[in-house]
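Data first, discussion second: the structure below is written as structure tokens.
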């Protein structure tokens, strides 16, 4: 290969540089075996019988920097080396045969999630499906058009149940469309449902059950049974996922009409309609070894009453130190707390068992522990489990005093609608003859309680603040209390470390700093919004803030009164609407205040305001949702249907967010 000065190449006519390897326009073959312009010769390899002919790439001239160029010797040498590499060639070998591409199968995964669990499981399902030969696509139900279902070949649905058996907020629009008479036929669609729930609620996994039944009625074919998961969902979810994927692989079925007309590329990545700042958010505990399965032993460093002495409710402010944990949190997250049971209840159970507390029994993780420790820290001794009720029916079938307990369908609820506790049942049926091991094997593991965090990490990076209503009441002649709330209020400071973890809630984050924010949070629903206001003050956010707050009496139930007034003085809290239900003849709630200010609320919404709700799901959240629809209908001059569509758009845009319980 020869060289020519750059200046000579640049002096040629347009296109000459591209032909620099074939001077005078001759073809490459014309120069093979000829003398090049510098006098050197290039010989063609001799042809001989049996010799392999090597196909040579075209020869090219390599430009060099002329001596007269304004460069130093070192610079010229470097540039010449660069040009030599740039204009050189490497002989091309025969292409390596590629293994035939594996036939990949499309798979759609839909999630309905309120606090993020179902979304995380959907993404885990996608990763596992990718390893097993699927091309998965993950979709938020809020942004998935039901009409697309007719084009799906394989479908997995992972959803939680919220409130009183309702779909989570991001699944409401999807569910409404699926329930309509105009919903499409899903013949040819293969599906399976994983439902998340909590057995402490009467309508356990109800939305997952309803969704499963509706898909079947529309003609879809269930390839694996629905899995109903309790709060400890890891193992049943993994079992369901493997069974569902295996079934989809075994029974490929015929693609629904239209699927072959729009094939998905085999390299397609897992996709989601969720915004990147939510779906891609890193775990707040990243870098920490503490999580739900390995909670951090924290210190309770503050415990003070917020509600006044005359209040019907005992609301307390707790501060839990995260010092040394490596855990971080974000506004909108929750703190998971593992409580211990009331020692008095444990002693009553031990007395009924005739045990001194040292009998060895299996713990939930299979390790053998003393029965006293198991009942204190590992098992739920409040509400009876399904296993317990089944055992009770078997052991007490000849006991007439247990007739009410043994009626078909009884799930631990008495005739007056209140829940039986374990001790209630033992008193009704005292002679069951259970051993300590038989007792604990019928109990559910003691689950953590989640509390909305009432602080911002910008103000309290090493502490978490909680606003907790301490549950205390009397029923059937016995004083009772909330398992975790009374643990925090009465015993946590003296019993030792409080096991805690951060529970992410990426769907309940403060909106963008310039976005107006409307917050509805009566009672302990104020908790996350206290953190939101702290964060907006710390970041200098310019968006206006409007809070609807209330309780029974202003005198005794105005939680964080001084702080809220300070937020107003500082201009952080633009408007504060208060609703005191018992301070006048007619009850006034936050939803009534919303309707009173309908025109101004509508103005804020039209200016792009986000609408956030926190608190009781069964009553308050439903009433606030109805009031929001009415505000939009009345002040916006819309029909009921148009108002519902407006709210649905707010949900899809994540401008309507709820953290309700």
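In the numbering used here, the protein residues as written are 1339 to 1999. Ideal Cβ placement from N, Cα and C applies to all residues, glycine included.
Item: Buried or exposed by the 16-neighbour rule on C-beta atoms within 10 Å, applied to residue 1838; Value: buried
Item: Cβ contact check for the region 1796-1806 and the region 1769-1781: 3 or more pairs under 8 Å; Value: no
Item: Local Cβ density within 10 Å of residue 1706, reported as buried at 16 or more and exposed below that; Value: exposed
Item: From 1953, 1548, 1855 and 1780, residue whose alpha carbon lies closest to that of residue 1881; Value: 1855
Item: Residue closest to residue 1671, alpha-carbon to alpha-carbon, out of 1650, 1866, 1661 and 1557; Value: 1866
Item: As assigned by DSSP and simplified to three states, the class of residue 1398; Value: Legend: pLDDT at residue 1398 = 48, less than 50; position of this residue unreliable, value from coordinates given subsequently. The answer is coil: DSSP assigns residue 1398 none of H, G, I, E or B.
Item: Residue 1952 versus residue 1556 - alpha carbon distance; Value: 35 Å
Item: Residue 1506 versus residue 1788 - alpha carbon distance; Value: 17 Å
Item: Residue environment, residue 1592, which counts as buried when at least 16 other CB atoms sit within 10 Å; Value: At residue 1592, the pLDDT of 42 sits below 50, so the modelled position is not reliable; the number obtained from the coordinates is stated separately. Under this definition residue 1592 is an exposed residue.
Item: Contact belief for residue 1871 with residue 1883 at Cβ below 8 Å, rounded distance in angstroms; Value: 6 Å
Item: Residue 1780 versus residue 1728: straight-line alpha-carbon distance, rounded; Value: 9 Å
Item: Per-residue DSSP class, three states only, for residue 1689; Value: helix
Item: Under 9 Å between C-beta atoms of residue 1650 and residue 1922; Value: no
Item: Nonlocal neighbours in the same chain, by C-beta distance under 8 Å from residue 1942, ignoring five residues either side; Value: 1854, 1856, 1882 and 1884
Item: Residue 1803 - DSSP class collapsed to helix/strand/coil; Value: strand
Item: Per-residue DSSP class, three states only, for residue 1442; Value: coil
Item: Continuous beta strand (DSSP E) stretch holding residue 1478: start and end; Value: 1472-1478
Item: Residue from 1704, 1628, 1445 and 1454 whose Cα sits closest to the Cα of residue 1468; Value: 1445
Item: CB contact flag (residue 1946, residue 1917, <9 Å); Value: no
Item: Close beta carbons around residue 1818, own chain, < 6 Å, minus the five adjacent residues each side; Value: 1811
Item: In DSSP terms, what residue 1643 is bridged to; Value: 1654
Item: Burial state of residue 1392, where buried means 16 or more other Cβ atoms lie within 10 Å; Value: For residue 1392, the predicted model reports a pLDDT of 44, less than 50, meaning its position is unreliable and no value from the coordinates is stated.
Item: Neighbourhood of residue 1802 by C-beta, 7 Å cutoff - its chain only, sequence neighbours within 5 removed; Value: 1658, 1660, 1667, 1673, 1791 and 1793
Item: Spatial neighbours of residue 1485 in its chain, beta-carbon cut-off 7 Å, leaving aside the 5 residues before and after; Value: 1522
Item: Residue 1675 - partner residues in DSSP beta bridges; Value: 1787 and 1838
Item: Rounded distance between the beta-carbons of residue 1497 and residue 1549, thought under 8 Å; Value: 6 Å
Item: Residues sharing a beta bridge with residue 1819, DSSP; Value: 1810
Item: Simplified DSSP state of residue 1984, which is helix, strand or coil; Value: helix
Item: Cβ-based neighbour list, residue 1686, same chain, cut-off 7 Å, excluding 5 preceding and 5 following; Value: 1761
Item: Candidates 1702, 1684 and 1710, of which the one nearest residue 1695 by Cα; Value: 1710
Item: Residue 1719 (DSSP reduced to helix, strand or coil); Value: coil
Item: Residue 1967 vs residue 1982 beta-carbon contact at 9 Å; Value: yes
Item: Beta-carbon proximity of residue 1442 to residue 1494, cut-off 9 Å; Value: no
Item: Straight-line gap, residue 1639 to residue 1903 (C-alpha atoms, nearest Å); Value: 25 Å
Item: CB-CB length for residue 1940 against residue 1980, believed under 8 Å; Value: The pair is not a contact, with the Cβ atoms about 13 Å apart (cut-off 8 Å).
Item: Identified DSSP bridge partners for residue 1884; Value: 1856 and 1913
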